[in-house]
Amino acid sequence: MSDCLFCKIINGEIPSTNVYTDEQVAAFRDINPAAPTHILIVPKKHIDSINLLTVDDEPLIGHLFFVAKQLAVQEGIAEPGYRLIINTNAEAGQTVFHIHLHLLGGRQLKAMG
17 MSDCLFCKII NGEIPSTNVY TDEQVAAFRD INPAAPTHIL IVPKKHIDSI
67 NLLTVDDEPL IGHLFFVAKQ LAVQEGIAEP GYRLIINTNA EAGQTVFHIH
117 LHLLGGRQLK AMG
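Residue numbers for the sequence shown follow the working numbering, beginning at 17 and rising by one.
Below, the structure is given as structure tokens:
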């Protein structure tokens, strides 16, 4: 998608602070962090939202979470704790319509329920 912010970051058209990349995903620091560690893990395949996943995407979504775990260890937040969030559509707070997993940590986070 030529107008997708995350596709442009993945393609190197927009600079980012990259922390991880492989054949399936890219991970970079959020430009407006909600916690001391705030990394976005983004599939290189453009998918607008979780609602548009197919059964073929299941391994990719699992890989997003595996990479998040690896990055939590790398960032030193695995043991104290971290949060993973995927917002789906506007009412949930999705502002970039390309699936992305937020990895948040580095401080005490408010309980969500």
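Think of the CB as a built atom: it goes at the ideal place given N, C-alpha and C, for glycine as much as any other residue.
Alpha carbon of residue i to alpha carbon of residue j, nearest angstrom
{"i": "residue 90", "j": "residue 36", "result": "10 Å"}
{"i": "residue 42", "j": "residue 77", "result": "13 Å"}
{"i": "residue 112", "j": "residue 103", "result": "10 Å"}
{"i": "residue 80", "j": "residue 61", "result": "12 Å"}
{"i": "residue 75", "j": "residue 99", "result": "21 Å"}
Distance between beta carbons of residue j and residue i, contact taken as under 8 Å
{"i": "residue 119", "j": "residue 84", "result": "5 Å"}
{"i": "residue 46", "j": "residue 114", "result": "Contact flag wrong, Cβ pair sits at about 14 Å."}
{"i": "residue 53", "j": "residue 44", "result": "The Cβ separation is near 12 Å, so there is no contact."}
{"i": "residue 105", "j": "residue 67", "result": "7 Å"}
{"i": "residue 87", "j": "residue 55", "result": "6 Å"}
{"i": "residue 30", "j": "residue 116", "result": "Their Cβ separation, rounded to whole angstroms, is 14 Å, which puts residue 30 and residue 116 out of contact at 8 Å."}
Cutoff 7 Å; reference residue i; Cβ partners in own chain excluding five residues on either side
{"i": "residue 122", "result": "51, 52, 53 and 93"}
{"i": "residue 73", "result": "63"}
Same chain only: Cβ atoms within 8 Å of residue i, ignoring 5 sequence neighbours per side
{"i": "residue 40", "result": "59, 60, 61, 76 and 79"}
### Contained alpha helix (DSSP H) runs [length at least 4] in the region 22-96, N- to C-terminal order
74-91
### Query
Touching or not, the region 19-30 and the region 92-103, by the rule of three or more beta carbon pairs under 8 Å?
no
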